Structure formats: structure tokens, C-alpha cells
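Engineer: Counting with our numbering, you get residues 13 to 81 for the letters of the sequence shown.
Every residue gets a Cβ at the ideal spot worked out from N, C-alpha and C, and that includes glycine.
It should be emphasised that the depicted structure is a prediction, and the values quoted were computed from it without experimental measurement.
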Amino acid sequence: MARSIHRITLLTTLALVLGSFGCSEMPSEPEFDNPIIPDDPTFEPPQTTITSGPAEGEKVDDHTVTFTW
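#1: For T80, write down the residues that DSSP places opposite it in a beta bridge.
#2: Can you give me the Cβ contacts of S64 inside the same chain, cut-off strictly under 6 Å, excluding the 5 residues immediately before and after it?
#3: Can you list, in chain order, the residues of its chain with a C-beta nearer than 7 Å to that of P66? Leave out the 5 residues immediately preceding and following it.
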């Protein structure tokens, strides 16, 4: 009998502790401060300059092309 009361007390305590964590305040929405995320109002497109590779408008018939920047 004492063992079942101990088990009930333990389960009740465990349920209350877990329940209190489950009822905690929801986290706020993340703030976007990364300029790489396109939906961020401070988004800046990456600046890239290709220094070597096919010329602009040139057709490439090979299956591999190497670009350097």
C-alpha cells in the first residue's frame, strides 16, 4: 500500500513539473538581422565579379566550366 502511494505521489509530482514546463511562455518570433535572407528589409544582394570564364553571351558546349572570382 505504501509503495502505491509513493508511486502515485511520484507520478503526480512528475506530471506537475512537466506540466509547468509545457505551460511556459512561447518564444517570440526571431528577428531577421542577417543581410543574406531575401525577406529581410536590409537584404543586400551579393556583389560578384567574374574575373575569368566564358565571355558574356558566349555559348558553352562543354559539360564543365570553371569560373574564378
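Structural biologist: In brief:
#1: S64
#2: T80
#3: V72 and V77
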